[in-house]
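Residue numbers (our numbering), protein chains in the order written: chain A, 1 to 366; chain B, 1 to 325.
Structure first, commentary second.
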Ligand SMILES: Nc1ncnc2c1ncn2[C@@H]1O[C@H](COP(=O)(O)OP(=O)(O)OP(=O)(O)O)[C@@H](O)[C@H]1O
Ligand SMILES: Nc1ncnc2c1ncn2[C@@H]1O[C@H](COP(=O)(O)OP(=O)(O)OP(=O)(O)O)[C@@H](O)[C@H]1O
Ligand code: SF4
Ligand code: SF4
Ligand SMILES: [Mg+2]
Ligand SMILES: [Mg+2]
């Protein structure tokens with residue numbers, strides 16, 4: 001996983017950066033973990049696109065198709081959306097693991113550079129945590145070696161044993177010495193995931209990108225791991241981007257949520273707002289199928305859509321319940337839904353990419 | 001007669017010092033047309049129980065008790081009779097099975113196979129037609145029957161597995177984690193599909209999942225397992241929202257409710273890990289993790305007892321709770 005250079009998704013038409021007026025620090029301005037004051041976001045994606053070329057003449061897949069997303073210091077952002085919408089690809093681009101086709105990622109205000117030294121330094125500060133089972137722990141490595149690996153790769157000076165012990169305790173494996181010589185198969189699922197998190201913490205990162213960190217865990221253990229992420233934020237000011245399709249998880253720990261659909265963020269804002277008063281029809285549908293939702297479930301039919309064939313107009317229009325029901329037509333936006341593209345939402349604050357929502361906001365309800 | 005009546009079922013893997021008592025005395029009943037959910041943390045014995053119902057456990061597993069399917073004991077029936085019962089009497093959607101479809105056969109032919117085997121149709125062509133009808137029932141166009149498994153998405157493969165389970169019109173369907181690892185929206189599609197098919201065919205459904213929230217939403221009744229035993233059983237919504245057993249309560253609390261203030265920035269876990277079945281704690285197996293354990297809990301294992309109308313729970317507190325009412 002710790003490849004040194006970013007893989008290129010083929011067509012690297014660099015520099016086609018989207019013209020977007022930069023909103024000066026709409027996000028939280030908090031001191032960075034380095035001690036220096038940080039005026040803008042900690043991590044910022046601007047007009048990001050990742051396109052995978054199609055094989056054998058197939059059309060290219062626009063997995064990430066224009067995304068602005070900012071994560072402030074000490075902020076926990078949840079990125080939600082159905083399978084295949086581009087969450088992992090976006091996360092990998094933010095980590096510098098895949099080079100964007102267009103747009104830019106910047107960390108503490110400076111754009112990423114993709115040289116191997118620069119990337120290595122970057123990945124100390126921004127760590128990836130994957131869900132455990134399929135292979136993020138080597139079955140033949142002890143817990144100690146698994147956690148120390150990052151230190152060795154980065155040639156960190158200092159007391160390795162102390163650093164490993166401290167990371168394990170911060171991840172809730174105490175006393176740490178008791179775990180040093182254990183192998184993954186001697187640990188429970190929750191403990192394995194803590195080891196993975198300890199492996200990220202050992203480098204004292206400022207931001208963790210966690211891709212489905214608890215998807216394979218029992219609910220009981222899951223709560224403990226999420227509580228750990230919250231505690232790390234409260235005690236160490238650690239920021240996190242949590243990638244998931246679990247809206248309950250977002251409710252449990254995130255400050256802000258971004259809802260992704262077919263390569264774009266279609267709604268974003270504070271968790272309370274987006275998850276209790278969703279405005280985008282897609283967010284509404286996602287929430288409606290939760291067991292706890294009081295509303296009639298809107299079960300979208302068909303498979304997740306294909307990033308190689310993104311429809312024109314609103315990219316959700318073929319599945320939109322409001323367009324199907326005629327609500328969009330009564331509001332006079334049906335033609336726009338089918339034919340007029342929506343702008344990319346800003347990376348901070350609140351936003352909804354929907355013609356119907358926009359028209360309702362423009363005409364006050366009677 | 002109830003469709004399924006399981007009495008004092010025990011399953012042990014291995015022998016001697018290495019013995020793993022995975023199921024330790026389970027009683028269950030399920031009527032035709034009813035949906036029973038079985039929940040519990042990883043390793044508590046859910047899949048072992050499911051496999052035992054159809055005598056599908058690996059050889060070294062020892063099984064004891066009674067499994068009455070329409071009054072007939074699955075554990076004592078002849079192999080010939082068992083072959084007839086599998087598929088037509090009861091069928092199972094295995095955990096993770098969507099990854100184990102045969103890669104080199106078209107999905108339509110894989111569905112047709114049990115149909116031919118059980119002579120529900122005698123010609124290839126008729127069995128294929130029937131398989132295509134089943135695909136349509138699970139929401140896949142008949143034309144997709146020509147696809148190989150790798151050409152289908154996870155949700156589509158899971159639909160194929162369900163079509164296969166229905167191929168011989170079973171009376172009982174056991175679905176082991178049918179939606180785990182599927183996306184929320186696909187999960188909602190599959191659950192709606194299962195609910196519809198169960199209603200249309202009057203099937204008895206045993207649905208296994210570690211997701212209490214999903215089960216309580218889908219099933220009529222819910223049984224919660226811990227360390228090889230059922231520790232609570234009752235109407236699904238009641239068990240989920242007002243558990244009698246501290247373990248089911250903790251498990252339910254671990255599922256956040258979006259919009260509920262108490263869950264906001266407050267993930268609920270259950271400290272400790274499920275016990276290793278080879279080294280079960282004495283007394284109530286839940287006592288090392290139980291927030292309301294009494295001193296006696298380390299010594300006495302409570303049996304399931306009545307805990308209100310249609311409800312059972314295995315906890316010392318259950319009686320005192322009832323007396324207090
Ligand atoms: N290396 C690649 N080459 C071609 N297409 C790819 C590649 N990686 C991802 N894709 C496609 O890009 C889209 C987005 O994939 P991605 O893995 O980012 O989705 P996701 O939201 O993380 O999904 P999941 O929830 O299933 O993990 C998918 O349609 C996927 O098939
Ligand atoms: N073939 C086997 N030999 C020995 N032990 C086994 C075997 N199969 C399962 N076990 C053990 O029996 C116990 C119950 O396993 P089972 O698969 O029934 O659990 P489960 O509740 O289905 O878990 P999950 O939610 O992870 O699917 C576990 O401790 C498991 O390790
Ligand atoms: S823009 Fe139109 S089609 Fe798209 S989500 Fe809004 S109402 Fe639906
Ligand atoms: S019997 Fe005791 S230990 Fe077991 S669940 Fe009840 S209170 Fe807890
Ligand atoms: Mg992903
Ligand atoms: Mg299982």
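Idealized CB from N, CA, C, for every residue including glycine.
Residue i, buried or exposed, once every other Cβ within 10 Å from all chains shown has been counted against 16
i: residue 79 of chain B; result: exposed
i: residue 186 of chain A; result: exposed
i: residue 115 of chain A; result: exposed
i: residue 178 of chain A; result: exposed
i: residue 245 of chain B; result: buried
i: residue 17 of chain B; result: exposed
i: residue 27 of chain A; result: Summary for residue 27 of chain A: the model assigns pLDDT 38, below 50, so the residue's position carries little reliability; its value from the coordinates is reported in the next sentence. Result: buried.
i: residue 100 of chain B; result: exposed
i: residue 175 of chain A; result: exposed
i: residue 16 of chain A; result: For residue 16 of chain A, the predicted model reports a pLDDT of 39, less than 50, meaning its position is unreliable and no value from the coordinates is stated.
i: residue 247 of chain B; result: buried
i: residue 150 of chain B; result: exposed
i: residue 301 of chain A; result: exposed
i: residue 348 of chain A; result: buried
Whole-angstrom C-beta distance between residue j and residue i, which should lie under 8 Å
i: residue 171 of chain B; j: residue 133 of chain B; result: About 19 Å separates the two Cβ atoms, so there is no contact after all.
i: residue 48 of chain A; j: residue 90 of chain A; result: 7 Å
i: residue 283 of chain A; j: residue 259 of chain B; result: Not a contact, Cβ separation roughly 13 Å.
i: residue 77 of chain A; j: residue 254 of chain A; result: 6 Å
i: residue 311 of chain B; j: residue 238 of chain B; result: 7 Å
i: residue 190 of chain A; j: residue 273 of chain B; result: 7 Å
i: residue 314 of chain B; j: residue 280 of chain B; result: Their Cβ separation, rounded to whole angstroms, is 14 Å, which puts residue 314 of chain B and residue 280 of chain B out of contact at 8 Å.
i: residue 179 of chain B; j: residue 191 of chain B; result: 6 Å
i: residue 241 of chain A; j: residue 94 of chain A; result: 7 Å
i: residue 288 of chain A; j: residue 298 of chain A; result: 5 Å
i: residue 65 of chain B; j: residue 106 of chain B; result: Actually they do not touch by this definition, with Cβ atoms about 40 Å apart.
i: residue 143 of chain A; j: residue 107 of chain A; result: The Cβ separation is near 30 Å, so there is no contact.
i: residue 257 of chain A; j: residue 80 of chain A; result: 6 Å
i: residue 337 of chain A; j: residue 312 of chain A; result: With a Cβ gap of about 10 Å, residue 337 of chain A and residue 312 of chain A do not count as contacting.
Residue i: CB within 8 Å of a non-hydrogen atom of ligand 3
i: residue 401 of chain A; result: This structure gives no information on residue 401 of chain A, because the portion of chain A shown stretches from 1 to 366.
Neighbour list for residue i in chain B, Cβ cutoff strictly below 8 Å
i: residue 209 of chain A; result: Residues of chain B passing the Cβ test: none, with the nearest at roughly 19 Å.
i: residue 350 of chain A; result: Simply none; closest approach about 18 Å.
Residue i Cβ short of 8 Å to ligand 2 heavy atom set
i: residue 25 of chain B; result: no
i: residue 208 of chain B; result: yes
i: residue 281 of chain B; result: no
i: residue 65 of chain B; result: no
i: residue 97 of chain B; result: no
Ligand 1 heavy atom lying under 8 Å from the CB of residue i
i: residue 89 of chain A; result: yes
i: residue 289 of chain A; result: no
i: residue 307 of chain A; result: yes
Chain B contact residues for residue i, given Cβ-Cβ distances below 7 Å
i: residue 290 of chain A; result: 258
i: residue 232 of chain A; result: Under the 7 Å cutoff, chain B gives no residues; its nearest Cβ is about 13 Å from residue 232 of chain A.
i: residue 404 of chain A; result: Residue coverage of chain A in this structure runs from 1 to 366, which leaves residue 404 of chain A outside it and unanswerable.
i: residue 369 of chain A; result: Any answer about residue 369 of chain A is impossible in this case: the structure gives chain A only from 1 up to 366.
i: residue 253 of chain A; result: 265, 267
i: residue 190 of chain A; result: 273
Chain A residues whose Cβ lies nearer than 8 Å to that of residue i
i: residue 251 of chain B; result: 219, 220
i: residue 185 of chain B; result: 82, 285, 286, 289, 299, 300, 304
Any non-hydrogen atom of ligand 5 within 8 Å of residue i CB
i: residue 243 of chain A; result: yes
i: residue 211 of chain A; result: yes
Partner residues on chain A for residue i, Cβ-Cβ distance less than 9 Å
i: residue 41 of chain B; result: 218, 219, 220, 221
i: residue 270 of chain B; result: 218, 219, 220, 221, 223, 224
i: residue 331 of chain B; result: Only positions 1 to 325 of chain B appear in the structure, and residue 331 of chain B is not among them; the question remains open.
Residues that residue i contacts on chain B, provided the C-beta gap is smaller than 9 Å
i: residue 297 of chain A; result: 188, 192
i: residue 153 of chain A; result: Those do not exist, as residue 153 of chain A stays about 30 Å from chain B at its closest Cβ, beyond 9 Å.
Residue i: CB within 8 Å of a non-hydrogen atom of ligand 4
i: residue 224 of chain B; result: no
i: residue 274 of chain B; result: no
i: residue 292 of chain B; result: yes
Short CB-CB distance (under 9 Å) between residue i and chain E
i: residue 235 of chain A; result: Although the question refers to chain E, the structure presented lacks it and instead comprises the protein chains A and B.
Closer than 8 Å: residue i CB and nearest ligand 6 heavy atom
i: residue 47 of chain B; result: yes
Whole beta strand (DSSP E) runs in the region 173-244 of chain B with 3 or more residues, listed along the chain?
204-208, 221-226, 229-235
Which runs of the alpha helix (DSSP H) fall wholly inside the region 32-66 of chain A and span at least 4 residues, in chain order?
none
Which runs of the beta strand (DSSP E) spanning at least 3 residues fall entirely within the region 94-171 of chain A, listed in chain order?
Counting only runs of 3 or more, we get 102-107, 126-130.
Where in the region 249-282 of chain A do unbroken runs of the alpha helix (DSSP H), each at least 4 residues long, occur, reported from the N-terminal end onward?
271-276
To test your reading of the DSSP string, which unbroken alpha helix (DSSP H) runs of 4 or more residues are found completely within the region 106-133 of chain B?
Counting whole runs of 4 or more residues, the region 106-133 of chain B contains the alpha helix (DSSP H) stretches 107-117.
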